[in-house]
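Under full-length UniProt numbering, the sequence shown has 133 at position 133, and the numbering climbs by one with no breaks. By construction, the Cβ of each residue, glycine as well, lies at the ideal position given by its N, Cα and C atoms. Notes follow once the structure below has been shown.
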Amino acid sequence: MQLLYNKVAIITGGASGIGKATCQLFAEQGAKVIIADVNEEAGHVIEQQIVDDGREATFVKTDVSSSEQVENLFSEVQKRYGKLDILCNNAGIGMEKLFHNVDEEDWERIHNVNLKSVYLCSRLAIPIMLENGGGSIVNVSSVNAESPRKFYSIYASSKGGVSALTKGMAIDYAEENIRVNAVLPGCIYTEQTKKSIENSPNPQQTKDLIYNMQPLKRPGKPEEVAKLIIFLASDHASFITGSCIPVDGGMLAR
Ligand code: NAD
Numbered sequence: 001m002q003l004l005y006n007k008v009a010i011i012t013g014g015a016s017g018i019g020k021a022t023c024q025l026f027a028e029q030g031a032k033v034i035i036a037d038v039n040e041e042a043g044h045v046i047e048q049q050i051v052d053d054g055r056e057a058t059f060v061k062t063d064v065s066s067s068e069q070v071e072n073l074f075s076e077v078q079k080r081y082g083k084l085d086i087l088c089n090n091a092g093i094g095m096e097k098l099f100h101n102v103d104e105e106d107w108e109r110i111h112n113v114n115l116k117s118v119y120l121c122s123r124l125a126i127p128i129m130l131e132n133g134g135g136s137i138v139n140v141s142s143v144n145a146e147s148p149r150k151f152y153s154i155y156a157s158s159k160g161g162v163s164a165l166t167k168g169m170a171i172d173y174a175e176e177n178i179r180v181n182a183v184l185p186g187c188i189y190t191e192q193t194k195k196s197i198e199n200s201p202n203p204q205q206t207k208d209l210i211y212n213m214q215p216l217k218r219p220g221k222p223e224e225v226a227k228l229i230i231f232l233a234s235d236h237a238s239f240i241t242g243s244c245i246p247v248d249g250g251m252l253a254r
């Protein structure tokens with residue numbers, strides 16, 4: 001039996017990294033996947049890969065920090081499926097800067113893409129879920145929400161907001177059968193991690209540093225985060241709401 005058979009699921013930032021792995025796993029498990037991402041080229045590639053595998057996916061070009069574009073995304077989903085079972089608020093961007101070097105533009109960009117997007121997407125998802133008798137929202141926060149690394153204060157602020165919003169929304173809609181949870185990835189080996197190792201002045205030293213950050217002595221794989229997201233999205237997690245769960249190779253346990 002497929003975990004998400006016939007479920008309609010929006011995954012933001014689904015064109016790369018954790019979001020892409022989540023789209024693939026959701027589709028394998030029977031979901032009709034809507035990939036919402038600003039990256040049109042990569043979004044269409046993953047849409048085609050899923051369709052070529054005989055599964056269902058639709059790419060909708062969306063900047064999740066724009067209320068107009070998010071409204072367009074949801075009206076496309078309503079037109080096509082008339083329901084929504086799962087929303088995964090995954091789109092996000094990083095920034096490494098010492099706190100007082102962060103200008104207002106940085107502050108707004110990070111908070112708009114990482115935090116406001118969760119508000120914009122969820123406020124349109126919830127009325128559809130209420131009408132359908134329930135649903136599941138999974139937000140992608142970060143270990144930085146709990147324990148910020150140096151140069152990550154503004155990113156941590158945005159992700160701390162995502163974790164807090166997760167708990168607040170979970171309480172608001174618990175009686176309506178809408179569960180809201182968050183995953184807190186640690187260091188995950190994506191294309192970006194690969195590039196930052198390759199482009200660093202001393203790639204071997206950077207690689208050792210990244211690997212040794214975890215008690216498990218390696219970064220995670222996007223699929224390892226996707227497996228927690230699919231669990232939380234599915235009925236297997238029917239008694240879990242308002243939880244922010246690390247997937248971090250033991251980093252937060254230190
Ligand atoms: P990624 O860069 O590989 O993928 C992010 C995707 O989001 C991209 O496809 C990008 O085009 C899209 N995106 C960016 N801005 C967008 C916007 N305004 N509207 C729509 N789409 C947008 O990154 P990733 O590492 O897979 O990260 C996914 C999520 O996981 C992010 O929220 C990130 O903060 C979080 N996270 C990642 C790590 C890690 O180590 N990779 C750790 C903790 C948390």
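7 Å CB neighbourhood of residue i in its chain, flanking five on each side removed
i    : result
G161 : L115
K217 : Y211
N177 : G133, G134
M129 : L84, G135, I178
G94  : Y155
Same chain, Cβ closer than 8 Å to residue i, five either side skipped, listed in chain order
i           : result
A27         : V33, I50, D53, R55, E56, A57
I245        : N181, A182, V183, L184, L228, L232
residue 255 : The displayed coordinates of the chain run from 1 to 254. Any statement about residue 255 would go beyond what the structure contains.
Contacts around residue i, its chain only, beta-carbon distance under 6 Å, and the 5 residues preceding and following it disregarded
i    : result
K195 : none
F74  : L124
A21  : P222, E223, A226
8 Å Cβ cutoff met for residue i and residue j
i    : j    : result
T241 : P219 : no
V138 : V70  : no
S142 : K159 : yes
N90  : G19  : yes
G14  : G92  : no
Collapsed DSSP secondary structure at residue i in the structure displayed
i    : result
T190 : coil
D37  : strand
A31  : coil
S136 : strand
V225 : helix
A15  : coil
K7   : coil
Neighbour-count burial assignment, residue i, 16 or more Cβ in a 10 Å radius
i    : result
P215 : exposed
N202 : exposed
T59  : In the sequence on display, residue 59 carries Phe and not Thr. By the neighbour-count rule (16 or more Cβ atoms within 10 Å), F59 is buried.
M169 : buried
L98  : exposed
I86  : buried
S234 : buried
N199 : exposed
D208 : exposed
I171 : exposed
Open item on the list: Quick test of the definition: if touching needs 3 or more C-beta pairs under 8 Å, does the segment 39-48 touch the segment 101-109?
Closed with: no
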